[in-house]
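Enquirer: Following this message is one structure expressed as structure tokens.
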Amino acid sequence: MSGEMTPGTPARQSSSPQASSAPGPRGSSIVLHPAAWIVLALSLAASAAGWLIVRNHEELGTRNRFDEEANRIAAALEERMLIYQDVLHGAAGLYAASLSVERDEWKSYVESISINERFPGIDGLGFIASVRRTELEDFVNTTRADKTPGFQVASPGTAEDLLIVKYIEPQARHSALLGQDFGADPQRRALAEKSRDTGATAMSGTLTLAGKAGGAPSGFLMMLPVYHNRQPRGTLAQRRAGIEGWVYARFVTAQLMQGILANKSPMMYFRVLDETPDAREKGIFENEAHPADYHAKFSDEFLLVTGGRQWRLVFSSKPAFEAMIPRSASALAGAGGALLSLLLFGIVWSLSTTRERALGMASDMTAALRSANERLEYERYLLQTLMDNLPDRIYFKDLQNRFLRNNRAHLRRFHLEDPAQAVGKTDFDFFAKEHAQKAANDEQEVIRSRQPLTQEEKETWPDGSITWALSTKMPLRDHTGQIVGTFGISRDITDRKRAEEAMRRAKEAAEEASRAKSHFLASMSHELRTPLNSIIGFANILLKNKAGTLNPAELNFLDRIQSNGNHLLGLINEILDLSKIEAHKMEVQSSVVALDQLVRDTIAEEEGLVRDKPVELRADLPEKMEPILTDPGKLRQVIINLIGNALKFTERGSVTVRVVTDPAGHRPVRLDVSDTGIGIPPEKLGLIFEAFQQGDAGTARKYGGTGLGLTISLALCRLMGYRIEAASEVGRGSTFSVILESGEVEREA
24 MSGEMTPGTP ARQSSSPQAS SAPGPRGSSI VLHPAAWIVL ALSLAASAAG WLIVRNHEEL
84 GTRNRFDEEA NRIAAALEER MLIYQDVLHG AAGLYAASLS VERDEWKSYV ESISINERFP
144 GIDGLGFIAS VRRTELEDFV NTTRADKTPG FQVASPGTAE DLLIVKYIEP QARHSALLGQ
204 DFGADPQRRA LAEKSRDTGA TAMSGTLTLA GKAGGAPSGF LMMLPVYHNR QPRGTLAQRR
264 AGIEGWVYAR FVTAQLMQGI LANKSPMMYF RVLDETPDAR EKGIFENEAH PADYHAKFSD
324 EFLLVTGGRQ WRLVFSSKPA FEAMIPRSAS ALAGAGGALL SLLLFGIVWS LSTTRERALG
384 MASDMTAALR SANERLEYER YLLQTLMDNL PDRIYFKDLQ NRFLRNNRAH LRRFHLEDPA
444 QAVGKTDFDF FAKEHAQKAA NDEQEVIRSR QPLTQEEKET WPDGSITWAL STKMPLRDHT
504 GQIVGTFGIS RDITDRKRAE EAMRRAKEAA EEASRAKSHF LASMSHELRT PLNSIIGFAN
564 ILLKNKAGTL NPAELNFLDR IQSNGNHLLG LINEILDLSK IEAHKMEVQS SVVALDQLVR
624 DTIAEEEGLV RDKPVELRAD LPEKMEPILT DPGKLRQVII NLIGNALKFT ERGSVTVRVV
684 TDPAGHRPVR LDVSDTGIGI PPEKLGLIFE AFQQGDAGTA RKYGGTGLGL TISLALCRLM
744 GYRIEAASEV GRGSTFSVIL ESGEVEREA
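Below you can see the structure in the form of structure tokens.
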């Protein structure tokens, strides 16, 4: 800092030659400079403390990594057990959706979820039927008829109800379990009855999984009850009476846990303990035996409650993991601290040898302090310049909302010249009571919440004049962080508010004019349709020429009158529809509609338009389509308008009405009308939906039309909750798509 200078500050002169060249004291001894040795001892102690802190920090980082790995494994195990419960819920849903589930259906469900690939640890998925002993013969006959002619009940227990394994997949691996009475074993029966009575998933303790080829591994069972359809199950008695059976899964503990550990087994010991009161075996799984003489540096424990059981997950680090603790930073800190200690020792020794050198350093420090004060004064000058020239009003207040300081713009607004005239006053001294009270409340809220507040404020002055300001108020803190008041900045936005009010009034006037226009169009359309219908009707009567008195030229004139009358009537009807939509007088009348039939009927009505043209009008409909809930009349009008627009600009080729459905539910999601006509330039796609607009002036002259069809179609789609999109390529044709996002599928119960 001593080398910098504030503008206008003279450079500091160097120390006197006598001070810098004074010889050091003679005969100096080590014992004459105890301060240097004290500094060396303190710095070495500080270096040792720093080394210890860095070393602890290194171990803490490794500890955090171990905790993260253990937490990830515990979370993964908890998530996997929840997912496996969802597998049972999916199987129970299969029974809930059907009056009976056959063997092929069960096999298809198990194959569809791919338990071997997606659910490691599940050894088998089956269904246990609850069969009363009096119904056993009928159950066996029914089961044999379901593609298992050799099915038989093996080792039935003595209870009144039997819990017989009806299905088990993969069946080839567990065929020995088919027909086994699950309830013959008291532990398994108790598990089934617990699941039945609670209506929830129940999980067993550690069991020996019999029936698996190649040995009987250690594992556990998870069961979920299945009740008869349409029977109440709100009470315990109803659940017991309505039980149909259980879906259950066999878990091999080692496979489940190895999938969870992944590649972390070489880094940590992992044990799972069953702490459920009825557990026969506490130890469920251990990836590797923990040496008795080894004391792990890191360890973690987690409790996991799943399927009604409480597991304790115990993690401890292996030597390989502890060897990963980095030591370079602590070594660097120790070495650096030692070097710094020697450096400080040398500095203090050097300072202690000569008084003149110390005086020189004091002089340098004094010059640096002077330079810092000069820079601080310059910063104050810049701040004051900003305060005096900023057009926004800046102010500082104490906890009682009294002014502490105001910039020049704020003083001018109060018609004050001397800043001292505002100190100690409040907004009540300058504003009307209404505004002053609100400002005081806002500032107290800023103090209470400790949060800034930005808002538009209506300022009412004692003379009744009103101005507007955009104000930001913030808490004012002292050097300790305590709130001692507020400060803020206000910008005058009176002109902007007046402009916004003028725009609001102009908008209201425009909306009123639009409503008047719609009313005028509706009235005129009604007045014009009555005489026009008479003209068309009388022309139609004359065209029949029942008296035979009209020659061909006169009949041709009448045909033109009728054709132009119909054209004019269509234009009036379109204007009337548009005015109804703009006036919000058109309502949606929804009903269940078969969209494929609606499309076919509409195309049949419009086939007369292509009778004399080399254009094919066709439908492209999927084989299966669900009905939708919509307004059939308005949707038909949209289709007719889109077909008419496509035929108008297609001289040869085809116009296709296509319905696209959701592959899963066959619900219509989009209706397309595609043509092979002239197409629309990209820059015109944004204009074609505006009233009385076409692609360009040449198109309007050649093909005619009012340009209202697409406008009405867009308005009708918005009214029904749909949206309409257009895509086109010049010379290749256009596609108009109605996106049926709000169409609800009506399904039978």
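First residue of the sequence shown: 24, per my numbering; consecutive thereafter. The beta-carbon is built from N, C-alpha and C at its ideal position, and this holds for glycine as well. Model, not experiment: these values are computed from the prediction.
#1: Quick one: residues in its chain with C-beta nearer than 7 Å to the C-beta of A182, no 5 flanking neighbours on either side, listed in chain order?
#2: Could you compute how far the alpha carbon of K520 sits from the alpha carbon of G631?
#3: What would DSSP say about K671, mapped onto helix, strand or coil?
#4: What does the alpha-carbon distance come out to for the pair G113 and M246?
#5: Give the DSSP-derived three-state secondary structure of V753 in the structure shown.
#6: Could you tell me the boundaries of the beta strand (DSSP E) in which V295 lies?
#7: With a 10 Å radius around its C-beta and 16 neighbouring C-beta atoms as the bar for buried, classify A562 as buried or exposed.
#8: Assuming I559 contacts G588 under a Cβ cut-off of 8 Å, what Cβ separation, rounded to an integer in Å, is found between them?
#9: On the three-state DSSP scale, how would you describe M347?
#10: Ordered along the chain, which non-local residues of its own chain (more than five positions away) have a Cβ less than 7 Å from that of Q41?
#11: How far does the beta strand (DSSP E) with E134 in it extend, from its first residue to its last?
#12: Can you check whether the CB of I470 is closer than 8 Å to the CB of K481?
#13: Does the Cβ of R755 have 16 or more other Cβ atoms within 10 Å, making it buried, or fewer, making it exposed?
#14: Could you pull the DSSP bridge partners for M246 from this structure?
#15: With C-beta atoms as the reference, is L422 less than 8 Å away from L100?
#16: Locate the beta strand (DSSP E) running through D695, then write down its first and last residues.
#17: Do the segment 689-706 and the segment 745-752 touch if we need at least three Cβ pairs shorter than 8 Å?
#18: State whether the segment 125-139 contacts the segment 257-269, with contact taken as three or more CB pairs (one from each stretch) at a distance under 8 Å.
#19: Note down the Cα distance separating I151 from W269, rounded to an integer number of angstroms.
#20: Whole-angstrom Cβ separation of T780 and R126, contact assumed at under 8 Å?
#21: Assign F454 to one of three DSSP states: helix, strand, or coil.
#22: Entirely within the segment 391-475 and at least 3 residues each: give me those beta strand (DSSP E) ranges in chain order.
#23: According to DSSP, simplified to helix, strand and coil, what is A182?
#24: According to the Cβ coordinates, are L214 and A225 closer than 8 Å?
#25: Here's the rule I'm using: 16 or more other beta-carbon atoms within 10 Å means buried, otherwise exposed. How should I145 be labelled?
#26: Below 8 Å, how does it come out for the segment 73-91 and the segment 311-323: are there three or more Cβ pairs, yes or no?
#27: For A723, which three-state DSSP category applies?
#28: Is it the case that the Cβ atoms of L763 and L694 are separated by a distance below 8 Å?
#29: For K496, list the residues DSSP reports as bridge partners.
#30: Can you tell me which of S288, L618, R641, G73 puts its alpha carbon nearest to the alpha carbon of R690?
#31: I need the straight-line Cα distance from D773 to V682, nearest angstrom please.
#32: What residue range does the beta strand (DSSP E) around T157 cover?
#33: Have a look at I106, G508, Q474, A391 and flag the residue whose alpha-carbon is nearest the alpha-carbon of G447.
#34: Buried or exposed: which applies to A343, given that a residue is buried once 16 or more other Cβ atoms fall within 10 Å of its Cβ?
#35: Within its chain, find whatever has a CB closer than 7 Å to the CB of E27; leave out the 5 residues flanking it on each side and keep chain order.
#36: Look at the alpha carbon of A68 and the alpha carbon of H313, and state the distance between them as a whole number of angstroms.
Expert: Let's see:
#1: Counting from 1 along the sequence shown, the entry for residue 182 is found at position 159. So the qualifying residues of the chain are G206.
#2: For the purposes of this step, residue 520 is taken as residue 497 along the sequence shown, with counting starting at 1. For the purposes of this step, residue 631 is taken as residue 608 along the sequence shown, with counting starting at 1. Going by the C-alpha atoms only, they are around 60 Å apart.
#3: Within the sequence shown, numbered from 1, the residue matching residue 671 stands at position 648. It is helical.
#4: On the sequence shown, position 90 is the one that residue 113 refers to. On the sequence shown, position 223 is the one that residue 246 refers to. The straight-line gap from Cα to Cα measures roughly 13 Å.
#5: The residue labelled residue 753 in the question sits at position 730 within the sequence shown. V753 falls in the coil class under three-state DSSP.
#6: On the sequence shown, position 272 is the one that residue 295 refers to. Start and end: 291-297.
#7: Position 539 of the sequence shown, counted from the first residue, corresponds to residue 562. Answer is buried; the Cβ neighbour count reaches 16.
#8: Here the question's residue 559 lines up with position 536 in the sequence shown. Here the question's residue 588 lines up with position 565 in the sequence shown. So it is a contact: roughly 4 Å between Cβ atoms.
#9: Residue mapping note: residue 347 aligns to position 324 of the sequence shown, counting from 1. Note: M347 maps to coil in three-state DSSP.
#10: On the sequence shown, residue 41 is found 18 positions in, with the first residue counted as 1. Only weak support is given to the placement of Q41: the predicted model assigns it a pLDDT of 41, under 50, and the question is left unresolved by the model.
#11: Position 111 of the sequence shown, counting from 1, holds the residue named residue 134. From DSSP, E134 is part of no beta strand (DSSP E) but of the alpha helix (DSSP H) over 126-136.
#12: Translated into the one-based positions of the sequence shown, residue 481 becomes position 458. Translated into the one-based positions of the sequence shown, residue 470 becomes position 447. Not closer than 8 Å, so no.
#13: Residue 755 sits at position 732 when you count from the first residue of the sequence shown. With fewer than 16 other Cβ atoms within 10 Å, it is exposed.
#14: Numbered from its first residue, the sequence shown carries residue 246 at position 223. Beta-bridge pairing links M246 to A225, Y271.
#15: The residue labelled residue 422 in the question sits at position 399 within the sequence shown. The residue labelled residue 100 in the question sits at position 77 within the sequence shown. In this structure, L100 does not lie closer than 8 Å to L422 by Cβ.
#16: As a working note, residue 695 is residue 672 in the sequence shown. 691-698 is the span of the beta strand (DSSP E), which, as asked, contains D695.
#17: yes
#18: no
#19: For the purposes of this step, residue 151 is identified with residue 128 of the sequence shown, where counting begins at 1. For the purposes of this step, residue 269 is identified with residue 246 of the sequence shown, where counting begins at 1. Roughly 5 Å separates the two Cα atoms.
#20: There is simply no residue 780 to check, as the chain begins at 24 and stops at 772 in what is shown.
#21: Within the sequence shown, numbered from 1, the residue matching residue 454 stands at position 431. Coil at F454, not helix or strand.
#22: 416-421, 426-429
#23: Residue numbering aside, residue 182 sits at position 159 when the sequence shown is read from its first letter. Residue state, collapsed to three classes: coil.
#24: Walking along the sequence shown from the start, residue 214 turns up at place 191. Walking along the sequence shown from the start, residue 225 turns up at place 202. Their beta carbons are under 8 Å apart, which means L214 touches A225 by this criterion.
#25: Translated into the one-based positions of the sequence shown, residue 145 becomes position 122. I145 is buried by the Cβ-count criterion.
#26: yes
#27: Numbered from its first residue, the sequence shown carries residue 723 at position 700. Note that A723 has pLDDT 45, beneath the 50 cutoff, so the model's placement of it is unreliable and no number is given.
#28: Residue numbering aside, residue 763 sits at position 740 when the sequence shown is read from its first letter. Residue numbering aside, residue 694 sits at position 671 when the sequence shown is read from its first letter. Taking 8 Å as the Cβ cut-off, L763 and L694 qualify as a contacting pair.
#29: Taking the first residue of the sequence shown as position 1, residue 496 is located at position 473. Looking at the DSSP assignment, K496 forms a beta bridge with L476, G511.
#30: Translated into positions along the sequence shown, residue 690 becomes position 667. Checking every option, the nearest Cα to that of R690 belongs to L618.
#31: The requested residue 773 does not occur in the structure, where the chain is confined to residues 24 to 772.
#32: Here residue 157 is taken as the residue at index 134 of the sequence shown, counted from 1. First-last for T157: undefined, no H or E at that position.
#33: Residue numbering aside, residue 447 sits at position 424 when the sequence shown is read from its first letter. Among I106, G508, Q474, A391, the Cα nearest to that of G447 is on G508.
#34: As a first step, residue 343 must be located in the sequence shown, where it is residue number 320. Result: exposed.
#35: Position 4 of the sequence shown holds residue 27. For E27, the predicted model reports a pLDDT of 39, less than 50, meaning its position is unreliable; a value from the coordinates is still stated below. Hits under 7 Å: S394.
#36: The count along the sequence shown starts at 1 and reaches residue 68 at position 45. The count along the sequence shown starts at 1 and reaches residue 313 at position 290. Distance between the alpha carbons of A68 and H313 is about 40 Å.
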